[in-house]
């Protein structure tokens, strides 16, 4: 469509919609108010006189804006900053509405105004009768001129505060008025109706934050292709108030990369706190100093190495006075409890004993305090981690090749693995050395848990551990295994998940949109994406995902590599309303090659849908990987193009669930609904009973369904389907068979042609024989034609407990259960249009006999 045609079309829609447009715009505003970053329960604020004056001085405020400043403002948007990633500035980004959007805004305001003033009906009718076309064209011209002026006004209003204008997209960076919050300034500007959005011009930090420590490059595990600590540091580098209890041989209290971070500790052998004379210095072994540096060596201080957190507090808990470094489990656990009791968020124990019941007890004590206990798995290659304690995080080792280290202990108790080979850390002589063992995997994991906490301090200890484990890179079988637990930790991903919600999940994935809040299973919304109640007949609950215009959104990642060659299904329901014919909803998947690839495209026919249509699609081969995700994208022309999506599922496939229904609206889906088929999906049939698609079988085409699990206590199961035949000779048939639980195929029924083409579908319905009840029921449909044009159409197949009562009142064309003038009117309209519904004799022609047959049916009445 050319630009002028596009503008004219937009205006025609706006002019024709009358008062409904005001209602729709109001609904859209309500929808916008429920989108992300909306202030829940925001308080109304009346601007002080100094704030009003500040705004008036900052902007070229028009007279029509006066009520905005004089009335209370209720900020609908809060701006959430993430220190170290994006932080507030003194500026706002303001997007001026486009010409189309401004035309719609003017139409909305005009209709609101018209609704409040009386209308002289005789004058209106006279004007319309006099020259309706001239009137409409004049309104179109006026709206175009008005929209252009309004755009100029929008730019001029913010001109005095503009730091820089980006006219290629008509976005402007403006100074926030003094004494006014960004939220209030944004709300005031949005209430003018002239701007598409107002947001903060954030100060954004570069990604992959790296410290200036001189030996940082020798710490192979920090980069983004390993545990991605550098990505985590974009968000947080750790807080000094977050303390790690180093439950070990003590810590070198003079080490230049540790000393400034030390907080008072404890000696559990002597039962003395450091403040009471307890010795916590690592004078004999050096193990504790290496552990402390792995987790919490001071970062970005120009010295040595960087721990997982740059700023953590380090609490030395000395649990051994032996030259060998050995310690009693009771002393270790007492030291861990003392650390937690005295404020340590994580207590790290790089000793044996993780599998002991006493360790589980101490883990429970520490978790009740809202803290975490971390234990090393061990280094002798033993399968001794036989206890999977809920409140203890047990850590094995990975190597620089990102594989499980073969010295690391195994068993059901392993929660995760972390770098434990050639770890550069602090030693007790004030220098640095390389070391190996799960003793260093554990504090690296403890530091990761602490960063997750600092990224979102509102998280509970259970949530922190869950986020870290759920975000692991899982290199073995999906989920937890005995070698690597949930996988190798990914600190960058865990910190992102702490801020934005988990970004990866195991299959099955299921989203039914239970309320008005978009869950954290969704990412990267573009446009005005929301969860809405405006759809019709929503399949599950009261809400559905709503995309309009060119909105798009994607799911979080799903672990699908375990599928291998096993079948899986992608399922969702979709409905469109207000979408012009030819506009589409694109559904894509993120494939193994790290590209978005098309899954399916749904095309609107321009007619509002009154029901959701189910789509089932087999998982593509390139979807079987651990970063699989879906993206839904509307391809419309305005915000009246509404696509609704509900009940999204991605799951492994074995059999179809009972009851099973197939209407072919997503084609013939092999593997899922159909095990095999030589038929094709078609729109060529007449009077489809369900949707616009059916299966077309010609000559000797055959279709065999995938298995359906009919394991049920129901006494009667029905098979029903609809058929229509064209050019099929008399006596030829469509044969229907069922599979018994012994795997044999038996005849269910046969639908025979009478040699006359059908203009509508005919229902067939029969009880399923009892020997088909079980987990692998299937149906097979086979045509027995002998010519290329022998055609059977098959639709609305079901295996179900529902019995269909056939229509007993054919003259009730309005479907309201009564016969009256409206049915006669509907028949005459259909008859004049030669609609097949008026072909009461079913002979393909429209004549007196159809009228006579209708009148007979009408006079017969409804039962």
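Residue numbers (the working numbering): 51 to 913.
Glycine residues also receive a C-beta, built at the ideal position from the N, C-alpha and C atoms.
Treat the numbers as computed from the prediction; the structure is a model and nothing was measured.
Using the Cα positions of residue 571 and residue 293, report the straight-line distance between them to the nearest angstrom.
The residue you call residue 571 lines up with position 521 of the chain shown. The residue you call residue 293 lines up with position 243 of the chain shown. One C-alpha to the other measures close to 32 Å.
Under a Cβ-count criterion, where at least 16 other Cβ atoms within 10 Å of its own Cβ denotes burial, should residue 349 be classed as buried or exposed?
Along the chain shown, read from residue 1 onward, the residue named residue 349 stands at position 299. Buried, since its Cβ has 16 or more Cβ neighbours within 10 Å.
Pull up the distance between the alpha-carbon of residue 358 and that of residue 274, whole angstroms please.
As a first step, residue 358 is located in the chain shown; it is residue number 308 there, counting from the start. As a first step, residue 274 is located in the chain shown; it is residue number 224 there, counting from the start. Cα-Cα distance, rounded: 13 Å.
Out of 121, 114 and 109, which one is the CA nearest neighbour of residue 98?
Taking the first residue of the chain shown as 1, we reach residue 98 at position 48. With distances taken between Cα atoms, residue 98 lies closest to 121.
Paired residues, beta bridge with residue 848 - DSSP:
For the purposes of this step, residue 848 is taken as the residue at position 798 of the chain shown. Looking at the DSSP assignment, residue 848 forms a beta bridge with 711 and 770.
Applying the criterion that 16 or more other CB atoms from any shown protein chain within 10 Å of the CB defines a buried residue, is residue 253 buried or exposed?
Numbered from its first residue, the chain shown carries residue 253 at position 203. The residue in question, residue 253, is exposed, as its Cβ has fewer than 16 Cβ neighbours within 10 Å.
Mind checking residue 331: buried by the 16 CB within 10 Å criterion, or exposed?
What you label residue 331 is simply residue 281 of the chain shown in a count that begins at 1. Its Cβ being crowded by 16 or more others within 10 Å, residue 331 is buried.
DSSP state of residue 193 mapped onto helix, strand, coil:
Counting from 1 along the chain shown, the entry for residue 193 is found at position 143. Three-state result, residue 193: helix.
Which residue comes first and which comes last in the alpha helix (DSSP H) that contains residue 493?
Along the chain shown, read from residue 1 onward, the residue named residue 493 stands at position 443. Element bounds for residue 493: 488 to 505.
Enumerate in chain order the residues of its own chain whose CB-to-CB distance from residue 626 is below 6 Å, with the five nearest sequence positions on each side excluded.
Here residue 626 refers to the residue found at position 576 when the chain shown is read from its first residue. Only 654, 659 and 693 meet the Cβ criterion.
With H, G and I counted as helix, E and B as strand and the rest as coil, what does DSSP make of residue 620?
Translated into the one-based positions of the chain shown, residue 620 becomes position 570. Three-state DSSP puts residue 620 in a strand.
Within 10 angstroms of the Cβ of residue 200, are there 16 or more other Cβ atoms? Answer buried if so, exposed if not.
Mapped onto the chain shown, residue 200 falls at position 150. Result: buried.
My output table needs one value for residue 251: the three-state DSSP class, helix, strand or coil.
Position 201 of the chain shown holds residue 251. Coil.
Terminal residues of the continuous alpha helix (DSSP H) containing residue 682?
To locate residue 682, count along the chain shown from 1; it is residue 632. Run containing residue 682: none in the alpha helix (DSSP H); it sits in the beta strand (DSSP E), 680 to 685.
According to DSSP, is residue 896 part of a helix, a strand, or is it coil?
As a first step, residue 896 must be located in the chain shown, where it is residue number 846. Coil, per DSSP.
Inside the stretch 288 to 366 only - alpha helix (DSSP H) runs reaching at least 4 residues:
337 to 346
By DSSP, does residue 81 sit in helix, in strand, or in coil?
Residue numbering aside, residue 81 sits at position 31 when the chain shown is read from its first letter. With a pLDDT of only 32 at residue 81, under 50, the local geometry of the prediction cannot be trusted, and the value read off the model is given with reservation. Helix.
Using a threshold of 8 Å, state whether the C-beta atoms of residue 845 and residue 785 are closer than that.
Start at 1 with the first residue of the chain shown, and residue 845 comes out as number 795. Start at 1 with the first residue of the chain shown, and residue 785 comes out as number 735. In this structure, residue 785 does not lie closer than 8 Å to residue 845 by Cβ.
CB-CB under 7 Å to residue 210, same chain, minus the five flanking residues each way: which ones, in chain order?
On the chain shown, residue 210 is found 160 positions in, with the first residue counted as 1. Correct list, in chain order: 108, 109 and 110.
At the level of alpha carbons, what is the spacing between residue 314 and residue 328?
Residue 314 sits at position 264 when you count from the first residue of the chain shown. Residue 328 sits at position 278 when you count from the first residue of the chain shown. Computed Cα separation, rounded: 10 Å.
Which first and last residues belong to the alpha helix (DSSP H) in which residue 105 is found?
Position 55 of the chain shown holds residue 105. Run containing residue 105: 99 to 108, per the alpha helix (DSSP H) assignment.
In three-state terms, what does DSSP make of residue 71?
Taking the first residue of the chain shown as 1, we reach residue 71 at position 21. Only weak support exists for where residue 71 lies, its pLDDT of 31 falling under 50; the coordinates are left without a value.
By how many angstroms is the C-alpha of residue 461 removed from the C-alpha of residue 485?
In the chain shown, the residue the question calls residue 485 occupies position 435. In the chain shown, the residue the question calls residue 461 occupies position 411. Looking at the two C-alpha atoms, the distance is approximately 24 Å.
Limits of the alpha helix (DSSP H) - the one that residue 542 falls within:
Your numbering for residue 542 matches position 492 in the chain shown. Per DSSP, residue 542 belongs to the alpha helix (DSSP H) from 541 to 550.
Cβ pair residue 410, residue 439 closer than 8 Å
Here residue 410 refers to the residue found at position 360 of the chain shown. Here residue 439 refers to the residue found at position 389 of the chain shown. Yes, they are a contact pair.
Can you look up residue 173 in the DSSP assignment and give me helix, strand or coil?
Within the chain shown, the letter at position 123 stands for residue 173. Legend: pLDDT at residue 173 = 43, less than 50; position of this residue unreliable, no value from coordinates given.
Distance check for residue 366 and residue 45, CA to CA, integer angstroms please.
In this structure the chain extends from 51 to 913, so residue 45 is not present and cannot be described.
Cα separation between residue 192 and residue 156?
Your numbering for residue 192 matches position 142 in the chain shown. Your numbering for residue 156 matches position 106 in the chain shown. Their backbone Cα atoms lie some 10 Å apart in a straight line.
Which value, in whole angstroms, describes the spacing of the CA atoms of residue 602 and residue 127?
For this step, residue 602 is matched to residue 552 along the chain shown. For this step, residue 127 is matched to residue 77 along the chain shown. Computed Cα separation, rounded: 20 Å.
Can you name the start and end residues of the beta strand (DSSP E) that residue 604 belongs to?
One-based indexing of the chain shown puts residue 604 at position 554. Looking at the DSSP string, the run of the beta strand (DSSP E) that includes residue 604 is 602 to 605.
DSSP three-state call for residue 801: helix, strand or coil?
For the purposes of this step, residue 801 is identified with residue 751 of the chain shown, where counting begins at 1. The answer is strand: DSSP assigns residue 801 an E or B state.
Three-state secondary structure assigned by DSSP to residue 516
Working through the chain shown from its first residue, we reach residue 516 at position 466. Helix, per DSSP.
Just the C-alpha distance for residue 735 and residue 843, rounded to the nearest angstrom, thanks.
Here residue 735 is taken as the residue at index 685 of the chain shown, counted from 1. Here residue 843 is taken as the residue at index 793 of the chain shown, counted from 1. Between residue 735 and residue 843, the C-alpha separation is close to 7 Å.
Take residue 889 and list the residues in its own chain whose beta-carbon comes closer than 7 Å to its own, dropping the five residues that flank it on each side.
In the chain shown, residue 889 corresponds to position 839, counting from 1. Correct list, in chain order: 809, 896 and 900.
Where do the ends of the beta strand (DSSP E) carrying residue 536 lie?
The residue given as residue 536 occupies position 486 in the chain shown. Premise fails: residue 536 is in no beta strand (DSSP E) and is neither H nor E.
Does the separation of the CB atoms of residue 491 and residue 447 fall below 8 Å?
Here residue 491 is taken as the residue at index 441 of the chain shown, counted from 1. Here residue 447 is taken as the residue at index 397 of the chain shown, counted from 1. Closer than 8 Å, so yes.
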